[in-house]
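The opening position of the sequence shown corresponds to residue 108 in the working numbering, with each subsequent residue numbered one higher.
No residue lacks a Cβ here, since even glycine has one placed at the ideal position from N, Cα and C.
The block underneath contains the structure these notes are about, expressed in structure tokens.
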Amino acid sequence: MSEQANVQLIQAAYAAFKRGDIQTILDSLSEGVKWVAADVAPVAGTYHGRNEVAGFFRKVNETAEYLSFEPREFVAQGDRVVVLGSYRAKVKATGRFYDCDWAMAFLVEHGKVTEFREYTDTAAIAAALAATSAAGA
């Protein structure tokens, strides 16, 4: 596929995420996709295959409510698409917010995402996930 077609595939996946259509995202993945989430519990880790990635999205939904999710710049070279953006989310368990810039890297082969990796401010997310201490309140 062309770089432009790869970018369009990734743009469609982001549009699907914004409307809560996880199945469309899963359909854009190869059967053996490798999905590496940022190192923040409870979603941290490497997920293999569509079923495990579906589990990742369930964890994301259980953990946070995204108030904004803005992919801003798409950079393509060969089979690689890197997206720069930001999000703001509220952690459901703590009621705390986080605002982060991020970079997400995709490898696209034969019209399917075969690899994903997210880079973000894990400290900001971890702080929002942490229960507020009585001493700090």
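- As DSSP reads the structure, Q184 sits in a beta bridge with R187.
- With a threshold of 16 other beta carbon atoms within 10 Å, V150 meets it and is buried.
- Per DSSP, the beta-bridge partners of S175 are R195.
- Within a 10 Å sphere around the beta-carbon of S109 sit fewer than 16 other beta-carbons, which makes this residue exposed.
- In the DSSP annotation of this structure, the continuous segment of the beta strand (DSSP E) that includes R224 starts and ends at 219-227.
- The C-beta of L136 has 16 or more other C-beta atoms within 10 Å across all chains shown, which makes the residue buried.
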